[in-house]
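Below is one structure, written out as structure tokens; comments come after it.
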Amino acid sequence: DPPQVDNVLLKNLTNVPTVAKAGQSVKIKIPFEGRQPIRASWLKDRMELADDTRIRLDKTDTFTMLSIPSCQRRDCGDYKVRLRNDSGVLEINLKLLVVDKPQPPEGPIKVVESSANSISIQWKPPKDDGGKPVQRYVVERQQGGKNQWEALGETPRTCTTFTTSKVEEDMTYYFRVRAVSAEGSSEALESDEVKAAGKATPGAPDPPEIVCATKDTITIAWKAPLKAGTSKILGYMVQKRKKGTITWLPVNTGPVADKKMKVPNLKKGLQYEFRVAAVNAAGLGDASDPSQPAWAQDATKSPGPVQELRVSSSDSSSVTLTWKKPQVQDGNDVKGYEVEVKAPKSLSWTKCSALPIQGTTYTVRGLQAKQSYSLRVRALSDSGLGEAAELEASTGDGPREGQSRRAAPTLRSWRQTKQAVTCLVSSQASPDPVVTWLKDGLPLPKRATTDTKDGTTQLLVGAAEFSDSGTYTVELQNGLGKRETFSFQVQITDIPQPPGAIQLAEKVPGTVTVTWEPSASEKWEKDLFYTVLKRESEKGLWHVVADLIYTNQFTFTKLIPGRDYYFRVVAKNALGASGPSETLHPWSIRRPKAQFEVKAQRYRGVNQNQPPRILVPLKPHVVPTGSECHMSCAVGGYPPPKITWYKDSRDLSTDPAYFCTNDFGVCSLVVLGVSKQDEGEYMVEATNASGRAFSRAFLTIKGKC
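In full-length UniProt numbering, the protein residues as written are 1 to 705.
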């Protein structure tokens, strides 16, 4: 009566590996029968096991059990249970597989290529993948001097190189890589400091300046760029374009050494823009920003002096000037005026207003009492400042008796924000005028307040709302019947509000139309537009698929069947972007399922004494290093043939590195974690009393990329 174990349990133990996750407890219990006493021993990799701090062996008269409270990767291997009594010996071979997250990729991280535009890195696969194949690698980057890591992307398990173009010249970076399998992510492998190379070609110069223009030529000048690249600048290339177009045309066919050029062959009356790029031995550098637009026309004469400049009124701290427009020559219209003052014993003139004065009257304030000042006025046109008209004036001198002092209201300052609208208008008149404020021709709303004193009137609208936009008018009228008005436009704006709910529909097969409710900001924002983004997983990165959309729908056509898509819509204007509006559920186009029909064959009975035959032969396999390889075939014959596997004519029956199974004629061979040594010709042989049959196939191992 030798030791015996249940056949079903014995088959399960020998054919199916015991799999456990790292950190979990493992218990393998084997009940047995037979003549007592039965001695049980456990062996791992041909070495007998004994109780220690991690492994416990238990035995009774009816079973033996191996216990590992917290298994580790080193517990993987081939185990053998040997049951012995005076009547015989029973040996049971079994395999334990412990899976864990992979180890970090093997370093160091090597810099394959570093330039001003990109950096390429390379690493090696982890020495231990944790029992499960590595699925992908995650690459992150940290800029020198910063603490935050940013994700750059992923690579498949077969590729251990990565190239990023998100770099700046002469900037230092650090990279780290993690291996990811079905069990989780490994610890990170970090690189040493990596510095992006400087750009070989020159940088962009400043925008060129317009020197002068005629009806068919424009002369421009520019300065050398701050970054000359890795070699000396050889010259410059100049391009031109008409204002409003996007096509740049070359001006010179080869580099010019001078930093000034007269551009010929221009059309009279058109506006042109110019840009410049430097050239060195490495090639053409970056182009500058466009210059200011310039007209191709002959220069016009500056306007003449203003006429009838005089002092209309003065007091102890101010002087009011009035004048008439200069005579217009050759259509040279006046765009405004510039008033300057020079104090006694001063050699320099001081501007009284930072912006051109639009009217023909101006009050110079902040003067000292009983002092004499020099004042001058010059007209401003497209061709520049005109000839100055000067006079001397003293503070404290007023108009003669009976002469009324009146002046049109002038806008001194005004500003508008989302929080408040403040407008300040100053005026000069005698007697004091009656001030009336209007909005869009109607009285002001109740939230608006006005304050009039000392020749100024102020309007304040606190906590401004979008409804406060409009045309504001201030009216001044005194007892002499003189009435002056001044109007200006106020526009209240803000970052737009988010769009409404998003709806998805397949109006055209293979596409999805994204429709959303308009943002509430469309009511007051004329330049509002939308941006549509998408991602292909619930936690993936968002990518812009459409921008500058002025409607409320967009059709996306590049759909791949079987993938889930999420969409997001953002409203934008000149101040910024709104919060996003997103789809709640993914959108996908399902792959059509192929229909098939199974026809059952009639049972014809067993043909006795059939020689072995290969029903489904082996197929050649090409697998990457570290993956699992499953080879299978179908065998027939009666009595059921004996199956033997060979590799390069070597019997694999006793090799623990291979798992062989035969389930009702379906024969399988499993190779875990293939390496280059596993490459070769494999053969399965089926034999019985009636004959022999075999099938061959070749296994090719593909290295990492």
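Note that beta-carbon positions come from the ideal geometry of N, C-alpha and C, so glycine has one too.
State the Cα-Cα distance for the pair P264 and G359, rounded to the nearest angstrom.
Their Cα atoms are separated by approximately 40 Å.
Could you tell me which of Q601, V334, K370, A369 sits nearest to I357, measuring between CA atoms?
Closest option to I357, judged by alpha-carbon separation, among Q601, V334, K370, A369: V334.
Using C-beta distances below 8 Å, list every residue in its chain close to K642, excluding the 5 sequence neighbours before and after it, in chain order.
Excluding sequence neighbours, K642 sits near A686, T687, N688.
On the CB-based measure, 16 or more other CB atoms within 10 Å of its CB, does M47 come out buried or exposed?
Counting Cβ neighbours within 10 Å, M47 comes out exposed, since fewer than 16 surround it.
Does the separation of the CB atoms of V177 and P102 fall below 8 Å?
No. Outside cutoff.
In chain order, what residues of the same chain lie with their CB nearer than 7 Å to the CB of N552, ignoring the 5 residues before and after it?
Residues T515, W516, P518 of the same chain have their beta carbon placed closer than 7 Å to that of N552, with the five preceding and five following residues left out of the count.
Cβ of V276 within 8 Å of Cβ of Y337?
Contact flag unset, no.
Skipping 5 residues on each side, what residues in its chain have a beta carbon closer than 7 Å to that of E150?
Answer for E150: E140, R141, listed in chain order.
Report the three-state DSSP secondary structure of K11 (helix, strand or coil).
K11 falls in the helix class under three-state DSSP.
Can you give me the C-alpha to C-alpha distance between V19 and S627, rounded to a whole angstrom?
Distance from the CA atom of V19 to the CA atom of S627, rounded to whole angstroms, is 17 Å.
If you run the structure through DSSP and keep just helix, strand and coil, what is D100?
The three-state secondary structure of D100, taken from DSSP, is coil.
Rounded separation between E169 and Q122 - CA only
Those two C-alpha atoms are separated by around 21 Å.
Quick one: Cα of L541 to Cα of L533, how far?
As the crow flies, the alpha-carbon of L541 is around 10 Å from that of L533.
One question on the structure: do R157 and V138 come within less than 8 Å of each other, judged by their Cβ atoms?
Cβ distance not < 8 Å, so R157 and V138 don't count as in contact.
For A600, report the span of its beta strand (DSSP E) as first-last.
No beta strand (DSSP E) contains A600, which DSSP labels as neither H nor E.
Quick check: the region 276-285 against the region 305-319, are at least 3 beta-carbon pairs closer than 8 Å?
No: the two stretches stay apart, fewer than three of their Cβ pairs being nearer than 8 Å.
Of the listed residues P639, L504, R613, nearest to E582 (C-alpha basis):
Distances from the CA of E582 to each of P639, L504, R613 were compared; the closest alpha carbon is that of L504.
Proximal residues to H670 (C-beta, below 6 Å), its chain only, five neighbours per side dropped:
In the sequence as presented, His is not what sits at residue 670; that position holds Val. Within the same chain, V670 has close Cβ partners H630, F659.
Rounded to the nearest angstrom, how far is the Cβ of L321 from that of V256, given a contact under 8 Å?
Not confirmed; about 50 Å, so no contact.
Using a 10 Å radius around the Cβ and a threshold of 16 neighbouring Cβ atoms, would you call V238 buried or exposed?
Burial is judged here by how many other beta carbons sit within 10 angstroms of a residue's own beta carbon; V238 has at least 16 and is buried.
DSSP three-state call for E340: helix, strand or coil?
Note: E340 maps to strand in three-state DSSP.
What did DSSP end up calling K523 once you bin it into helix, strand or coil?
It is helical.
Range covered by the beta strand (DSSP E) that runs through L321:
First-last of the beta strand (DSSP E) with L321: 319-324.
Looking only at DSSP bridge pairs, what is L90 linked to?
Note: L90 sits in a beta bridge opposite L83.
Does K647 pass the burial test, meaning 16 or more other C-beta atoms within 10 Å, or should it be called exposed?
So K647 counts as buried.
G184 - partner residues in DSSP beta bridges:
Looking at the DSSP assignment, G184 forms a beta bridge with S181.
Can you tell me the Cβ-Cβ gap for S165 and S118, rounded? I've got them flagged as a contact below 8 Å.
About 5 Å; that satisfies the 8 Å criterion.
If contacts are defined as beta-carbon pairs under 8 Å, then V512 and L559 qualify, I think. What distance do you get, rounded to the angstrom?
At roughly 6 Å, the Cβ-Cβ gap stays under 8 Å, so V512 and L559 are in contact.
Rounded to whole angstroms, what's the CA-CA distance from K11 to V167? Just pull it up for me.
Near 59 Å, if we compare the C-alpha coordinates of V167 and K11.
Once DSSP output is grouped into helix, strand and coil, what is the label at D51?
The answer is coil: DSSP assigns D51 none of H, G, I, E or B.
Residue ranges of each beta strand (DSSP E) run of no fewer than 3 residues wholly in the UniProt domain "Fibronectin type-III" (104-199), ordered along the chain?
DSSP runs (the beta strand (DSSP E)) wholly in the UniProt domain "Fibronectin type-III" (104-199): 106-114, 119-124, 136-143, 150-156, 161-164, 172-181.
Can you tell me whether P409 is buried or exposed? The criterion is at least 16 other CB atoms within 10 Å of its CB, across all chains shown.
Since pLDDT at P409 reaches only 48, below the 50 mark, its modelled position is unreliable, and the value read off the structure follows with that caveat. In this structure P409 is buried. Its beta-carbon is surrounded by 16 or more other beta-carbon atoms within 10 angstroms.
Taking only beta-carbon atoms, is S314 less than 8 Å away from chain B?
Absent from the structure: chain B. Only one protein chain is present.
Would DSSP call K676 helix, strand or coil?
Collapsing the DSSP output to three states places K676 in a helix.
Thinking C-alpha only, which one of S313, S191, G500, R73 is nearest D128?
Checking every option, the nearest Cα to that of D128 belongs to R73.
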